[in-house]
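Quick note on numbering: the sequence shown equals residues 0 to 150 in numbering that gives the first Met the number 0.
Here a beta-carbon is modelled for each residue, glycine too, at the ideal position from N, C-alpha and C.
Predicted, not measured: the structure shown is a model, and the values here were computed from it.
First the structure, in the form of structure tokens, and then the observations on it.
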Amino acid sequence: MDWQKIVIHHTASPTEVRRSGKNVPVTTTMIREWHLSKGWSDIGYHFVIMPDGRCAEGRPLNRPGAHCKVGHRNSIGIGICLVGDFSETEVPEAQLVGLVNKVVQLMVVYRLKLGDVELHRDVFGAVTECPGRYFPADVFRKELEVGMSCS
Ligand SMILES: [Zn+2]
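In structure tokens:
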């Protein structure tokens, strides 16, 4: 794969679901199940950032994603997804830190620029609010700049 972009998403889901009468946190295993039930081959995202900032691996980076149909982003873009619905709530601080750390790491590895990091809704042709209307786009960009200047 020749990764040229990083595309940021949210699950647009609660962070916990009810399973066998208990509230349990959403995991990559569950997201994989949601995507398999759509007939996809695997989870669509390459990485998932949990509410506490931990990063979990999704689809391996040697395979195209299934996260953004327009602009060839599935084949040129690494898909990163935050668990949560940021059209409903704000992104927890720890989760934003975890996202910034992962994106900076990938930018260094794949020699990407700030302009190569996109929110799903900003990809030309995408018709979505993803990663949610409360996603702090300006703070995210500022923190990426700081992260890149220190790496
Ligand atoms: Zn998205």
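For residue i, three-class secondary structure by DSSP
i, result
"I75", "helix"
"E142", "helix"
Integer Cβ distance of residue i from residue j, believed to fall under 8 Å
i, j, result
"I75", "H8", "With 8 Å as the limit, I75 and H8 do not qualify as a contact, their Cβ atoms being about 15 Å apart."
"G52", "G97", "3 Å"
Sequence-distant residues of its chain with Cβ nearer than 8 Å to residue i (five each side left out)
i, result
"V103", "L143, G146, M147 and S150"
"V99", "F139, E142, L143 and G146"
Own chain residues within Cβ distance below 6 Å of residue i, not counting five before or after
i, result
"D41", "R58"
"I30", "I42"
Beta-carbon gap between residue i and residue j smaller than 8 Å
i, j, result
"F46", "L95", "no"
"A11", "H34", "no"
Same chain only: Cβ atoms within 7 Å of residue i, ignoring 5 sequence neighbours per side
i, result
"E56", "F46"
"A125", "C67, V69 and H119"
"P130", "I7, H8, H9, L81, F85, L118 and H119"
- Message: Quick check on the DSSP output: what are the complete alpha helix (DSSP H) runs of length 4 or more inside the stretch 0-42, in order along the chain?
- Response: 27-35
- Item | Runs of alpha helix (DSSP H) lying entirely within the stretch 90-120, each at least 4 residues, in chain order | 92-109
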